[in-house]
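All letters in the sequence shown, in the order written, are residues 157 to 368 by the working numbering.
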Amino acid sequence: HFIKGDITDTAFIQSLFETHQFDGVIHLAAESHVDRSISNPMEFVLTNVIGTVNLLNAARQIWKTAEGKRFYHVSTDEVYGQLGHEGKFVETTPYDPNSPYSASKASSDHFVRAYHHTYGLPVVISNCSNNYGSHHFPEKLIPLMINNILQKKPLPVYGKGENVRDWLFVEDHATAIDVIFHQGQLGDTYNIGGNNEWKNIDLVKHLCRLMD
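Laid out in structure tokens, this is it:
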């Protein structure tokens with residue numbers, strides 16, 4: 157069934173859990189654009205933090221036993237902050253969010269872990285790098301640059317474009333989610349990367365060459 161709703165709507169979420177008696181949840185619902193989080197941080201707090209806690213509360217109240225149940229929270233590597241010279245984040249990298257978006261996702265990660273430790277909720281978490289692929293939302297970097305090149309519009313890049321991001325093909329991410337949901341150890345966190353790091357400015361120049 158496809159049922160459209162808002163994860164900040166407590167009564168709606170509660171009724172879904174009661175009606176369908178889910179054995180598992182894969183929680184991907186989030187506000188995810190850094191630019192919009194800067195202009196409207198409260199929207200990100202409501203969806204990413206309050207919405208996540210709504211889902212956790214429903215699971216805790218409906219799941220009388222943890223046996224055979226799993227709450228999988230999908231998050232981002234941006235909770236770790238900027239990628240430094242060490243080359244990659246690992247699961248033990250300290251959190252250092254530096255945008256309202258990454259702060260809201262870091263908070264939601266902490267709530268998921270808190271519900272595991274406090275209530276015994278059966279959870280797993282993954283933190284993935286930037287996704288790209290078919291049907292990518294047009295505000296994101298790669299489709300935005302492609303569309304702006306096509307329309308001969310400016311190509312907005314933060315600062316000198318020196319920020320390094322790892323890029324993960326969306327179908328590879330989906331495969332990893334499937335593995336973690338079925339085989340991940342409860343209470344554990346898994347990083348998902350593409351082993352495909354680019355400075356933003358180098359990626360934009362590469363797209364320009366391809367589009368030319």
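Heads up, the beta-carbon is just placed ideally off N, CA and C, and yes, glycines get one too. What you are looking at is a predicted structure, and each value in this text was computed from that prediction instead of being measured.
For residue 268, the enclosing alpha helix (DSSP H) begins and ends at 256 to 275. In the structure shown, residue 348 adopts extended strand secondary structure according to DSSP, grouped into three states. A direct Cα-Cα distance of roughly 43 Å separates residue 163 from residue 368.
In the structure shown, the three-state DSSP call for residue 213 is helix.
Excluding residues up to 5 positions away in sequence, 186, 204, 231, 232, 234, 235 and 253 lie with their Cβ nearer than 8 Å to the Cβ of residue 261 in the same chain. Taken through DSSP and simplified to helix, strand or coil, residue 288 comes out as strand. In the three-state reduction of the DSSP assignment, residue 334 falls in the helix class, which pools H, G and I.
Check the Cα spacing between residue 227 and each of 356, 257, 309 and 341: the tightest is with 341. Residue 190 sits in a helix when the DSSP states are folded into three classes. Contact between residue 305 and residue 363 holds: their C-beta atoms lie close to 7 Å from each other, under 8 Å. Excluding sequence positions up to five before and after residue 194, its CB lies within less than 7 Å of the CB of 255 and 256, all in the same chain and listed in chain order.
Setting aside the 5 residues that flank it on each side, residue 272 is surrounded in the same chain by 279 and 343, each with a C-beta closer than 7 Å to its C-beta; the list follows chain order. The Cβ-Cβ distance between residue 210 and residue 166 falls below 8 Å.
Where residue 229 is concerned, the enclosing beta strand (DSSP E) starts and stops at 226 to 232. Of 192, 314, 316 and 283, the smallest CA-CA separation from residue 324 is found for 283. Beta-carbon to beta-carbon, residue 355 and residue 317 are separated by about 6 Å, close enough to satisfy the 8 Å threshold.
Inclusion of residue 281 and residue 338 in the CB contact set at 8 Å is not warranted, their separation being larger than that value.
Non-local beta-carbon contacts of residue 247 in its own chain, meaning distances under 6 Å to residues more than five positions away in sequence, involve 345 and 347 in chain order.
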